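Numbering (this note's numbering), first residue to last: 370 to 677.
The beta-carbon is built from N, C-alpha and C at its ideal position, and this holds for glycine as well.
Every value quoted in this text rests on a predicted model; they were computed, and no experiment measured them.
Notes follow the structure.
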Amino acid sequence: MNKSRLALAALLLALAARPAAAKLRVVATIPDLADVSRRVGGGLVSVDCLARGPEDIHQVVMRPSFVSKLNRADAVVYLGLSVEHSFLPGLLDAAANPRMREDPAVLGCAGPGCIDCSAGVRVLQKPDSLSRAEGELHPQGNPHYNLDPEDGLLIARNIAAGFSRLDPAHAADYERNLAAFLDELKTRIAEWKKAVAPLQGLKAVSYHKDVAYLGRFTGLDFIDTIELKPGVAPTPTHLARLVREMQDQGVKLIVREQQYESRTTAWLAGRTGAKVAVIGTMADALPGTETYVKFCARNIQALLDAAR
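Shown next, in the form of structure tokens:
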């Protein structure tokens, strides 16, 4: 019997052994997805999360417990677009779960238990080349679409579709929970759209190149980054040029993602008179942002406060 048949047989045995009333065991890669999974799954799912909110998703610390969680899981919910490439493929390989396995072709997941939340995302900033000279690049485009609240709607729909595929007996429950979450998020999106109207066209600088989707939602025009290139620390020459650029273009807003150091940002603000907005790139990165909705609300308020 070849490996694919063995994997299929193991999967069928695992599914057959799972009691009909048992909860779906879900592992989410980041807190945003864990929260939305709980909202969509309700009492029908149990959810574990790998990354911690304050962590940099590019440098998530892998723990032995992650392997056992993935080994027992029915599903893994992930952002995709290769953003989890530094930890998820290796964990899937070690977990040896027939429901989900490492897919080297996409630096992600393959199998019935894989729920890729990026399906259908209108991806921004796809690189023209993959030269290492350009710093850390994501071959499929910018993966930080969770910063756009409107993409939160798509995340929830993808999760509901995945749960219904794995547990069709409760598809109606997942759809009902999904509808309630979408109604709440749509109401907040309408409020936020009105609130961010003054940000339309305002020029800004971010620390890392991960705010494209936030710019799309708010209308902010991010003209440059404090980093020299993605993942490459700023040099004195780059910072001097950035000061001149900000002064020439009248940039008065700097967005610092919570996980990046603050001293350079403070220095740049002092030289240019710009104000600093500190945002999270994942839920639970900052106090009071343990849910996806609170995370989005906190980021938007930080931008509005700094832009006044």
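| Asked | Found |
| --- | --- |
| Looking at C-beta atoms only, is the number of pairs between the region 485 to 493 and the region 438 to 452 that lie closer than 8 Å three or more? | yes |
| Please return the same chain residues whose Cβ sits closer than 7 Å to the Cβ of G570, not counting the five positions on each side in sequence. | G588 and D590 |
| Shortest alpha-carbon distance to R491 belongs to which of A581, T641 and D617? | A581 |
| May I ask you to report which of helix, strand or coil DSSP gives V405? | helix |
| Look at T594 and M615 and say whether their C-beta atoms are less than 8 Å apart. | no |
| Straight-line CA distance for A573 to D517? | 17 Å |
| Once you ignore the five residues that flank R534 on each side, which residues in its own chain have a CB closer than 8 Å to its CB? | P481 |
| Considering only their Cβ atoms, is the gap separating A397 from V678 smaller than 8 Å? | Nothing about residue 678 can be reported from this structure: the residues present for the chain run from 370 to 677 only. |
| Pull up the distance between the alpha-carbon of D674 and that of A646, whole angstroms please. | 8 Å |
| Determine contact between the region 647 to 665 and the region 411 to 424, defined as no fewer than three beta-carbon pairs at a distance below 8 Å. | yes |
| Can you tell me which of the three DSSP states M431 falls into? | coil |
| Under the assumption that V662 contacts R545 (Cβ atoms under 8 Å), give the Cβ distance between them as a whole number of angstroms. | V662 to R545, Cβ: 19 Å. No contact. |
| Are at least three pairs of beta-carbons, each pair with one atom in the region 521 to 536 and one in the region 398 to 410, less than 8 Å apart? | yes |
| Find the nearest neighbour of H577 within the set K562, F586 and L597, judged by alpha-carbon distance. | L597 |
| Mind checking which residues open and close the beta strand (DSSP E) that includes R470? | R470 to D472 |
| Could you give the residue range of the beta strand (DSSP E) that holds T594? | D590 to T594 |
| So S533 is in the alpha helix (DSSP H); what residue range does that whole segment cover? | P518 to L535 |
| Just to confirm the assignment, what range does the beta strand (DSSP E) spanning C486 have? | Counting along the chain, C486 falls outside any beta strand (DSSP E), and DSSP gives it neither H nor E. |
| Would a check of beta-carbon distances place I595 closer than 8 Å to chain D? | In summary, chain D is missing from the structure at hand, where a single protein chain is found. |
| Sorted by chain position, which residues of the same chain lie with C-beta nearer than 8 Å to L460's C-beta, five sequence neighbours on each side aside? | L419, M431, F435, V436 and L439 |
| Does G449 come out as helix, strand or coil in the three-state DSSP assignment? | coil |
| Label P458 either buried or exposed according to how many other C-beta atoms from any shown protein chain fall within 10 Å of its C-beta, with 16 as the threshold for buried. | buried |
| Please report the distance separating the alpha-carbon of I399 from that of C478. | 15 Å |
| From T658, V395 and D579, pick the residue whose C-alpha is nearest to that of V452; which is it? | D579 |
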